[in-house]
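Encoded as structure tokens, the structure appears first; notes follow it.
In the working numbering, the protein residues as written are 3 to 219.
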């Protein structure tokens, strides 16, 4: 990669001043630190900014996030959603959800706006209502990602948005020498999304890569 491309990527990552999103300027930084300590891989600022914009573009009132982590992605989604929007966020790790709730409290997110659910994602999303959500988000490296894709297509309303962060998976997806199981699974997910005739999709390099798609009416 040329130095010009590196500079452009960095410029894109710094385009949005994430410290300005909440009254407490350190909310996202502290949430990101907690996520790194937990090994929860928080989204980078460029990915978060794109997630925020997509939530705003559909004026999301209902959203599902699979993989709460420490709440960094959740806060970006909430900052873009409709002021009365409700985010349902699912994570099997209790420590992750405890860290996320701390971030929500620091950001002064009203309790009714976030529904945290501890449980196995496939089991939880299987109980959610069909075509009732404006946005569904899950990380590309999530276990059973192809199953989650099918659930997302079922949950989204026509015109709703699928958001998949970490879609370039630490630059491994584009590296032909990377043939480990996790990278192959991410490639398979990207291929599956691109082949869905009911999805209009795009893969961007924001953050660690964001795959986004709109469910056709």
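Glycine included, each C-beta is placed from N, C-alpha and C at the ideal position.
Would you mind reading off the limits of the alpha helix (DSSP H) that contains residue i?
i, result
"residue 216", "Where residue 216 is concerned, there is no enclosing alpha helix (DSSP H), although the beta strand (DSSP E) it sits in stretches over 212–217."
"residue 185", "183–197"
"residue 99", "96–108"
"residue 43", "Residue 43 -> no alpha helix (DSSP H), and no H or E assigned at all."
"residue 126", "123–127"
Assuming residue i and residue j are in contact, meaning their beta carbons sit under 8 Å apart, how far apart are those beta carbons, in whole angstroms?
i, j, result
"residue 202", "residue 216", "5 Å"
"residue 156", "residue 132", "5 Å"
"residue 65", "residue 89", "5 Å"
If I measure Cβ to Cβ from residue i and keep anything under 8 Å in the same chain, skipping five residues before and after, which residues do I get?
i, result
"residue 144", "68, 69, 123, 150"
Residue i lies in the beta strand (DSSP E); which residues open and close that run?
i, result
"residue 67", "64–68"
"residue 161", "158–167"
Per DSSP, which one or two residues make a beta bridge with residue i?
i, result
"residue 89", "65, 116"
"residue 204", "214"
"residue 137", "65, 163"
Near residue i, what residues of its chain come up, given a Cβ to Cβ distance below 7 Å and the 5 sequence neighbours on each side ignored?
i, result
"residue 40", "72, 97, 98, 101"
Quick one: grab the DSSP three-state call for residue i.
i, result
"residue 35", "helix"
"residue 173", "coil"
"residue 83", "coil"
"residue 132", "coil"
"residue 152", "helix"
"residue 14", "helix"
"residue 75", "helix"
"residue 57", "helix"
"residue 27", "coil"
"residue 209", "coil"
"residue 8", "helix"
Within the same chain, show all residues whose beta-carbon is closer than 6 Å to that of residue i, passing over the 5 residues directly before and after it, in chain order.
i, result
"residue 167", "45, 49, 141, 212"
"residue 87", "62, 63"
"residue 164", "138, 154, 215"
"residue 119", "92, 126"
Just to confirm, does residue i get its C-beta within under 8 Å of one of the non-hydrogen atoms of the ligand GTP?
i, result
"residue 80", "This structure simply doesn't include the ligand GTP, nor any ligand for that matter."
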